[in-house]
Amino acid sequence: MLNVTKNVENGKAEVFAEGRLDTSTAPEMEAALMEIIDGLTELTLNFEKLEYISSAGLRVLLTMQKIMKKQGTMKVTHVNQTIMEIFEVTGFEGFLTIE
1 MLNVTKNVEN GKAEVFAEGR LDTSTAPEME AALMEIIDGL TELTLNFEKL EYISSAGLRV
61 LLTMQKIMKK QGTMKVTHVN QTIMEIFEVT GFEGFLTIE
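Taking this note's numbering, the leading residue of the sequence shown gets 1, the next gets one more, and so forth.
Below is the structure:
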């Protein structure tokens, strides 16, 4: 299960993900992000309440990173130890901006 909440204002968006970002919920996350991505100059993904991310979730992050690199910036905030370990093992911490 995944809950996605979005705050969008003046070309900036903060997206809060709560639960699990996996094979069954990645399409939902991607759809929620694609709804708002046009015209964004700053995208913040708040993972404070994200419990797990799978390779399908990582693919969504990679897609968003590629889009945002062309039109602005993207950062991931409030990453817990479990998610950070996944980023480290997969090498995602090397190209994501994590705060």
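Ideal Cβ positions, reconstructed from N, Cα and C, are used throughout, including at glycine.
Residue i versus the options, residue with shortest Cα-Cα distance
{"i": "T25", "options": "E42, G11, E35 and A56", "result": "A56"}
{"i": "M84", "options": "A13, K66, S54 and I67", "result": "S54"}
{"i": "I67", "options": "I36, F16 and E48", "result": "I36"}
{"i": "F16", "options": "D22, E48 and E9", "result": "E48"}
{"i": "E124", "options": "V79, F95 and G94", "result": "Coverage of the chain is limited to positions 1 through 99, which leaves residue 124 absent and any answer about it impossible."}
Counted within 10 angstroms of its Cβ, other Cβ atoms place residue i as buried (16 or more) or exposed
{"i": "V89", "result": "exposed"}
{"i": "M34", "result": "exposed"}
{"i": "M64", "result": "buried"}
{"i": "M1", "result": "exposed"}
{"i": "F87", "result": "buried"}
6 Å CB neighbourhood of residue i in its chain, flanking five on each side removed
{"i": "E30", "result": "V60"}
{"i": "K75", "result": "T44, T97 and E99"}
Same chain only: Cβ atoms within 8 Å of residue i, ignoring 5 sequence neighbours per side
{"i": "G11", "result": "G39, L40, T41, E42 and G72"}
{"i": "E28", "result": "L2 and V4"}
{"i": "L21", "result": "L2, M29, L50, Y52, I53, S54, A56, G57 and V60"}
Supposed close pair residue i, residue j - CB separation, criterion 8 Å
{"i": "E99", "j": "T77", "result": "5 Å"}
{"i": "L101", "j": "F92", "result": "In this structure the chain extends from 1 to 99, so residue 101 is not present and cannot be described."}
Range covered by the alpha helix (DSSP H) that runs through residue i
{"i": "L96", "result": "Per DSSP, L96 belongs to no alpha helix (DSSP H) and is neither H nor E."}
{"i": "T82", "result": "Q81 to T90"}
Other residues of its chain near residue i: CB distance less than 7 Å, five sequence neighbours each side excluded
{"i": "E14", "result": "N7, T44 and N46"}
Limits of the unbroken beta strand (DSSP E) element including residue i
{"i": "M74", "result": "T73 to T77"}
{"i": "I36", "result": "Looking at the DSSP string, I36 is not in any beta strand (DSSP E); the run it does join, the alpha helix (DSSP H), is A26 to I36."}
{"i": "G105", "result": "A query on residue 105 cannot be resolved here, the shown segment of the chain reaching from 1 to 99 and no further."}
{"i": "L40", "result": "No beta strand (DSSP E) holds L40; DSSP gives it neither H nor E."}
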